[in-house]
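In the UniProt record's numbering, the protein residues as written are 1 to 122.
See the structure below:
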């Protein structure tokens, strides 16, 4: 199955801006996550609980850096993200996400973020 790059990027944007229902609908049964403050396996329900505030990010910009399909039902993408937190603080990170294709569409099964120092504003 060929992954649609546009569809996957829209899914990614939804994880930045969506609510708990979005996470429940688009995360797999379990998801492996890696952030500087934690690395673990999370259930779909636990993932959804992280999205309590759908307005936590704004001004999201995603620059795709690479995408591979190591199997017919698995796709991995990596990108640089820039966004603004709800408190106005800028955020930048290198992000990698893995999706697995299930009967009801692509589901996030891996997600990692490595924060970058925000660029100084001129």
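Each residue gets a CB set at the ideal place from its N, CA and C atoms; glycine is no exception.
Beta-carbon gap between residue i and residue j smaller than 8 Å
| i | j | result |
| --- | --- | --- |
| residue 42 | residue 30 | yes |
| residue 11 | residue 106 | yes |
Presumed contact (8 Å Cβ cut-off) between residue i and residue j, rounded CB distance
| i | j | result |
| --- | --- | --- |
| residue 99 | residue 8 | 6 Å |
Closest by C-alpha distance to residue i, when choosing among the options
| i | options | result |
| --- | --- | --- |
| residue 83 | 47, 116, 112, 45 | 116 |
| residue 113 | 103, 95, 104 | 95 |
| residue 49 | 63, 59, 23 | 23 |
| residue 14 | 67, 66, 57, 40 | 57 |
| residue 97 | 104, 89, 74 | 74 |
| residue 51 | 16, 78, 93, 6 | 16 |
| residue 62 | 70, 93, 47 | 93 |
| residue 110 | 27, 60, 59, 67 | 27 |
| residue 44 | 60, 53, 59, 25 | 25 |
| residue 59 | 85, 101, 36 | 85 |
Buried or exposed by the 16-neighbour rule on C-beta atoms within 10 Å, applied to residue i
| i | result |
| --- | --- |
| residue 87 | exposed |
| residue 121 | For residue 121, the pLDDT reaches just 47, beneath the cut-off of 50, and the residue's location in the model is therefore unreliable, although a value from the coordinates is still provided. Answer is exposed; the Cβ neighbour count stays below 16. |
| residue 34 | exposed |
| residue 103 | exposed |
| residue 21 | exposed |
Three-way DSSP call (helix, strand, coil) for residue i in this model
| i | result |
| --- | --- |
| residue 25 | helix |
| residue 112 | strand |
| residue 81 | strand |
| residue 3 | coil |
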